[in-house]
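Undergrad:
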Amino acid sequence: PIGGRGAGVDPRKSKSQLGLIDHDLALEMGSARGAFALCFYGALGVGSIGRELIPIVFRRYESNNELMSSPMSSKKSKQQQSREKSDDMGIKGYPEPIYLSDVQPIISNKMDALAIARRFDERSESEKYQYTHLAERVPFLTFDSYQRANPDADPMALRAVFDSFSNSIGGGNVISPITAQERLDEYKEDVSIMTKRLNDSKILGVTAFVIVLLLLGFADYLTIYHLWRGFFPEWHGFDNMPASLFDGSIGIGVLPQNFMWDIPDV
Numbered sequence: 051p052i053g054g055r056g057a058g059v060d061p062r063k064s065k066s067q068l069g070l071i072d073h074d075l076a077l078e079m080g081s082a083r084g085a086f087a088l089c090f091y092g093a094l095g096v097g098s099i100g101r102e103l104i105p106i107v108f109r110r111y112e113s114n115n116e117l118m119s120s121p122m123s124s125k126k127s128k129q130q131q132s133r134e135k136s137d138d139m140g141i142k143g144y145p146e147p148i149y150l151s152d153v154q155p156i157i158s159n160k161m162d163a164l165a166i167a168r169r170f171d172e173r174s175e176s177e178k179y180q181y182t183h184l185a186e187r188v189p190f191l192t193f194d195s196y197q198r199a200n201p202d203a204d205p206m207a208l209r210a211v212f213d214s215f216s217n218s219i220g221g222g223n224v225i226s227p228i229t230a231q232e233r234l235d236e237y238k239e240d241v242s243i244m245t246k247r248l249n250d251s252k253i254l255g256v257t258a259f260v261i262v263l264l265l266l267g268f269a270d271y272l273t274i275y276h277l278w279r280g281f282f283p284e285w286h287g288f289d290n291m292p293a294s295l296f297d298g299s300i301g302i303g304v305l306p307q308n309f310m311w312d313i314p315d316v
């Protein structure tokens, strides 16, 4: 009837503009906003720790590839054809094979890890680690120090040996000399321990890295989903992905028009 409840209503206006929001939708908006706050904190707060791992892993991958262009590595590549397959240690995760004949001179270095750390230490006294069971401060063993102590070593083999001192996807550039020496003593007795340790750490590291990526992706998905349902409930840009995102009538272009801050009383 004329003058009734629907009189004067512009049919072009959305329900949100008219305050005609379904009761269930209004309740969902409230719940979605609370969930969005939690997911946003998880994705950008706690998740930032996981995101820092991504560039570290890729930088290490690029660093290993750069080792192949070093003069020592180029010299080695010319000798690879004459190598016997039995000389390959079977270590995975590196751009080229790691040979036993390259590793043995490194682990047989006359200087122990602590002596290398002290001789090539360039950091101040305050940067040295104070072990609780040692009276004096002991410097960390760095990869740079280890390189200087083994100037003629094959770069890839040296990287593999140093990576084996720690259990991580890409190894590290700093390690306790005490831990490093314990590992070296083990390798002198049985070098296959190094192969097993590196391969196991790579499997564990890659698995953990994939899980981190999946969790970050899931957290991002939940954040976007609850942002949409909490503040843009009438936006239909996800109806027919990906074409709907670029649709002039329902896509990203009309997203601001569907923003709702206040939840209407129902």
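With the working numbering, letter number 175 in the sequence shown gets 225, and the count goes up by one each step, no holes.
The beta carbon of each residue, even a glycine, is placed where N, CA and C say it ideally should be.
Small disclaimer: the values here were computed from a predicted structure and weren't measured.
1. Do the CB positions of Gly301 and Gly280 come within less than 8 Å of each other?
2. DSSP beta-bridge partners for Ile225?
3. Can the beta-carbon of Leu277 be found closer than 8 Å to that of Phe108?
4. Do Asn159 and Asn114 have their CB atoms nearer than 8 Å?
5. What separation, rounded to the nearest whole angstrom, lies between the Cα atoms of Gly267 and Phe90?
6. Rounded to whole angstroms, what's the CA-CA distance from Ile148 to Glu102? Just pull it up for me.
7. Determine the contact status of Asn249 and Phe282, defining contact as a CB-CB distance below 8 Å.
8. What is the DSSP secondary structure of Tyr144, reduced to helix, strand or coil?
9. Give me the Cβ distance between Ala163 and Leu191, rounded to the nearest whole Å; I'm assuming they're in contact under 8 Å.
10. Could you please give the first and the last residue of the uninterrupted alpha helix (DSSP H) stretch that includes Asp138?
11. Rounded to a whole number of angstroms, what is the C-alpha to C-alpha distance between Ile104 and Arg168?
12. Can you tell me the Cα-Cα spacing of Leu305 and Val96, whole angstroms?
13. Look at the Cβ atom of Ala210, then the Cβ atom of Ile141, and state whether they are nearer than 8 Å.
14. Do you know how far the Cα of Met291 is from the Cα of Glu236?
15. Return the residue from the list Gly92, Gly298, Tyr144, Ile253 that minimises the CA-CA distance to Ser218.
16. Output the distance between the C-alpha atoms of His73 and Ala269, rounded to the nearest integer angstrom.
17. Return the bridge partner residues of Tyr149 from the DSSP annotation.
18. Quick check on the burial criterion: 16 or more other C-beta atoms within 10 angstroms. Buried or exposed for Phe296?
19. State the Cα-Cα distance for the pair Leu150 and Phe170, rounded to the nearest angstrom.
20. What are the start and end residues of the alpha helix (DSSP H) that includes Lys246?
21. Taking the alpha carbon of Tyr144 as the point to measure from, which residue in Thr245, Ile274, Ile157, Ile261 has its own alpha carbon closest?
22. Does DSSP put Ile99 in a helix, in a strand, or in coil?
23. Rounded to a whole number of angstroms, what is the C-alpha to C-alpha distance between Asp240 and Val260?
24. According to DSSP, is Glu112 helix, strand or coil?
25. For Met310 and Val262, what's the separation of their Cα atoms in angstroms?
26. Met161: buried (16+ other C-beta within 10 angstroms of its C-beta) or exposed?
TA: Looking at the coordinates:
1. Within the sequence shown, residue 301 is the residue found at index 251, counting from 1. Within the sequence shown, residue 280 is the residue found at index 230, counting from 1. Cβ atoms of Gly301 and Gly280: not closer than 8 Å.
2. To locate residue 225, count along the sequence shown from 1; it is residue 175. Here Ile225 is bridged, per DSSP, to Leu191.
3. Along the sequence shown, one-based indexing puts residue 277 at 227. Along the sequence shown, one-based indexing puts residue 108 at 58. No. Outside cutoff.
4. For the purposes of this step, residue 159 is taken as residue 109 along the sequence shown, with counting starting at 1. For the purposes of this step, residue 114 is taken as residue 64 along the sequence shown, with counting starting at 1. No; because the gap between Cβ atoms is not below 8 Å, this pair is not in contact.
5. Indexing the sequence shown from 1 puts residue 267 at position 217. Indexing the sequence shown from 1 puts residue 90 at position 40. Roughly 12 Å separates the two Cα atoms.
6. As a position in the sequence shown, residue 148 is number 98, starting the count at 1. As a position in the sequence shown, residue 102 is number 52, starting the count at 1. Roughly 29 Å separates the two Cα atoms.
7. The sequence position of residue 249 within the sequence shown is 199, counting from 1. The sequence position of residue 282 within the sequence shown is 232, counting from 1. The beta carbons of Asn249 and Phe282 sit no closer together than 8 Å.
8. The sequence position of residue 144 within the sequence shown is 94, counting from 1. In the structure shown, Tyr144 sits in coil (DSSP, three-state: anything other than H, G, I, E or B).
9. If you number the sequence shown from 1, residue 163 lands on position 113. If you number the sequence shown from 1, residue 191 lands on position 141. About 5 Å; that satisfies the 8 Å criterion.
10. As a first step, residue 138 is located in the sequence shown; it is residue number 88 there, counting from the start. Unbroken run through Asp138: none, as it is neither H nor E.
11. Walking along the sequence shown from the start, residue 104 turns up at place 54. Walking along the sequence shown from the start, residue 168 turns up at place 118. Each residue's Cα considered, the two are about 32 Å apart.
12. Position 255 of the sequence shown, counting from 1, holds the residue named residue 305. Position 46 of the sequence shown, counting from 1, holds the residue named residue 96. Taking the CA atoms as reference points, Leu305 sits about 28 Å from Val96.
13. The residue labelled residue 210 in the question sits at position 160 within the sequence shown. The residue labelled residue 141 in the question sits at position 91 within the sequence shown. Yes, they are a contact pair.
14. As a first step, residue 236 must be located in the sequence shown, where it is residue number 186. As a first step, residue 291 must be located in the sequence shown, where it is residue number 241. Separation of Glu236 and Met291 (C-alpha to C-alpha, rounded to the nearest whole angstrom) is 56 Å.
15. Numbered from 1 along the sequence shown, position 168 holds the residue referred to as residue 218. Closest in C-alpha terms to Ser218, from the list Gly92, Gly298, Tyr144, Ile253, comes Ile253.
16. Stepping through the sequence shown from its first residue, residue 73 is reached at position 23. Stepping through the sequence shown from its first residue, residue 269 is reached at position 219. Distance from the CA of His73 to the CA of Ala269, rounded to the nearest whole angstrom, comes to 28 Å.
17. The residue you call residue 149 lines up with position 99 of the sequence shown. Asp138.
18. Within the sequence shown, numbered from 1, the residue matching residue 296 stands at position 246. Counting Cβ neighbours within 10 Å, Phe296 comes out exposed, since fewer than 16 surround it.
19. Numbered from its first residue, the sequence shown carries residue 150 at position 100. Numbered from its first residue, the sequence shown carries residue 170 at position 120. When rounded, the distance between both Cα atoms is 26 Å.
20. Here the question's residue 246 lines up with position 196 in the sequence shown. Looking at the DSSP string, the run of the alpha helix (DSSP H) that includes Lys246 is 242–281.
21. Within the sequence shown, the letter at position 94 stands for residue 144. Per the Cα distances, Thr245.
22. Along the sequence shown, read from residue 1 onward, the residue named residue 99 stands at position 49. Correct three-state label for Ile99: helix.
23. Counting from one through the sequence shown, the residue named residue 240 turns up at place 190. Counting from one through the sequence shown, the residue named residue 260 turns up at place 210. Their backbone Cα atoms lie some 32 Å apart in a straight line.
24. Numbered from 1 along the sequence shown, position 62 holds the residue referred to as residue 112. Assigned with DSSP and collapsed to three states, Glu112 falls in helix.
25. Counting from one through the sequence shown, the residue named residue 310 turns up at place 260. Counting from one through the sequence shown, the residue named residue 262 turns up at place 212. Rounded to whole angstroms, Met310 to Val262 spans 33 Å at the Cα level.
26. Along the sequence shown, read from residue 1 onward, the residue named residue 161 stands at position 111. The residue is exposed, with fewer than 16 neighbouring Cβ atoms inside 10 Å.
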